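Mapped onto this note's numbering, the consecutive letters of the sequence shown carry residue numbers 2 to 290. All residues carry an ideal CB built from backbone N, CA and C; glycine is no exception. Owing to the predicted nature of the structure, the values given are computational and were not obtained by experimental measurement. Inspection log for the structure reproduced underneath, given as structure tokens.
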Amino acid sequence: MTARTQKLLVRLRTAINITLICTPVCFVLYLLSFLLFYDNSIGYFDPGPLPSLSLACCIAPLLALAVYLLCVGKQQPDDSSFSFPAPGGNPCAWIPAVGLVLFAAYRVYLLIAGGITLFSVLLPVFSLLSAVYFFMVVRNLCPSGDLLPLAGFAPLLLCALLTAYTYFDMFVEMNSPQKLYLQFSLVSFMLYVTSELRYPLHKPAPRMTVFFGASTLLIGSAGFVCSTVAYLCGILTSADYFSQSLLGICFFCYTLARLITFSRNLARLPETDMGAEAERTEASEEVQS
Numbered sequence: 002m003t004a005r006t007q008k009l010l011v012r013l014r015t016a017i018n019i020t021l022i023c024t025p026v027c028f029v030l031y032l033l034s035f036l037l038f039y040d041n042s043i044g045y046f047d048p049g050p051l052p053s054l055s056l057a058c059c060i061a062p063l064l065a066l067a068v069y070l071l072c073v074g075k076q077q078p079d080d081s082s083f084s085f086p087a088p089g090g091n092p093c094a095w096i097p098a099v100g101l102v103l104f105a106a107y108r109v110y111l112l113i114a115g116g117i118t119l120f121s122v123l124l125p126v127f128s129l130l131s132a133v134y135f136f137m138v139v140r141n142l143c144p145s146g147d148l149l150p151l152a153g154f155a156p157l158l159l160c161a162l163l164t165a166y167t168y169f170d171m172f173v174e175m176n177s178p179q180k181l182y183l184q185f186s187l188v189s190f191m192l193y194v195t196s197e198l199r200y201p202l203h204k205p206a207p208r209m210t211v212f213f214g215a216s217t218l219l220i221g222s223a224g225f226v227c228s229t230v231a232y233l234c235g236i237l238t239s240a241d242y243f244s245q246s247l248l249g250i251c252f253f254c255y256t257l258a259r260l261i262t263f264s265r266n267l268a269r270l271p272e273t274d275m276g277a278e279a280e281r282t283e284a285s286e287e288v289q290s
């Protein structure tokens, strides 16, 4: 393992640890903002410092993580030195798989009760296709090659459909925090899954994976977890958004488990002697000169 790779590993693990510390802080601040400042009659927060503070506590770590991870050169590390755990054979994928099946059943019920529209047809279809992808991940089917990434397009399209569905929803204000948090959470998870799909193709991007995983947790603490608690407390009332938030919690738990697994894998990697590595690098440069 080279010194460059070792430094990258330290940065990745530090970024994950920062995310795991900041996520519960963001959740508590968002929840207090909903409990104390959210006005459901207009769909916005009342003026106050806490909503702004909760937003800042989400954006600031994301900006810091982006700078911290991208400070390393763009050269990819040696795949033989370390690897983000590939999606295949991952038992935590049961969580989104089961959640997607239940969400598809709920959307079919709405389809029967409310009539046929574009979204009412596409959402249950892509929910089931997404469940198939996560079942493939659980069973470690097609761990390499093009089939698993091809199946992985289903959750990407589902997240895009859900984002568009909430965007065009006329019953909630266009820039309502309820809608914006959910949309950005879905987009973050979509980008995270996109980065994961690079691993079966042997084109890993660990910095991108960790960053989008961090954004899913930090933003999802509001758009997924906090929104669900707010619904249970009677602050938010839309059953449609509640179902999406419950599905989002499945995405949140999956991402959390993946990042924790990656961090543990990094901790078990053998340490390298940085000083010896630097001496070998300098010696090779002297020989070349």
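Start and end residues, alpha helix (DSSP H) containing residue i
i: E197; result: P178 to E197
i: P150; result: L148 to A152
i: I261; result: A240 to A268
i: L123; result: L119 to R140
i: P207; result: P207 to G221
i: V99; result: W95 to G115
i: V202; result: It should be pointed out that residue 202 corresponds to Leu in this sequence rather than to Val. Neither: L202 is in no alpha helix (DSSP H) and is coded neither H nor E.
i: L237; result: Where L237 is concerned, there is no enclosing alpha helix (DSSP H), given that its DSSP letter is neither H nor E.
Beta bridge counterpart(s) of residue i as assigned by DSSP
i: Y39; result: F46
Cutoff 7 Å; reference residue i; Cβ partners in own chain excluding five residues on either side
i: A152; result: V133, Y134 and M137
i: T164; result: Q184, L187 and V188
i: S34; result: F46, L51, P52 and S55
i: L157; result: M191, V194 and T195
Close-in-space but distant-in-sequence residues of the same chain around residue i (CB under 8 Å, 5 per side omitted)
i: L119; result: none
i: A67; result: F212
i: A155; result: F127, L130, S131, V133 and Y134
i: C160; result: L187, V188, F190, M191 and V194
i: L123; result: L162
Cα-Cα separation, residue i to residue j
i: I261; j: C254; result: 11 Å
i: A61; j: C27; result: 11 Å
i: V29; j: L233; result: 16 Å
i: A258; j: C93; result: 7 Å
i: K180; j: C23; result: 22 Å
i: L198; j: L192; result: 10 Å
i: A65; j: N141; result: 35 Å
i: M175; j: F190; result: 21 Å
i: L103; j: T217; result: 22 Å
i: L162; j: P178; result: 19 Å
i: C59; j: W95; result: 28 Å
i: V230; j: A223; result: 10 Å
i: F263; j: N18; result: 11 Å
Own chain, CB closer than 6 Å to residue i, minus 5 neighbours either side, in chain order
i: Y107; result: S244
Segment contact, 8 Å Cβ cut-off, at least three pairs: the region 160–170 with the region 201–216:
Touching, no.
Assess contact between the region 3–22 and the region 35–45, defined as three or more Cβ pairs (one per stretch) separated by less than 8 Å. Is contact present?
no
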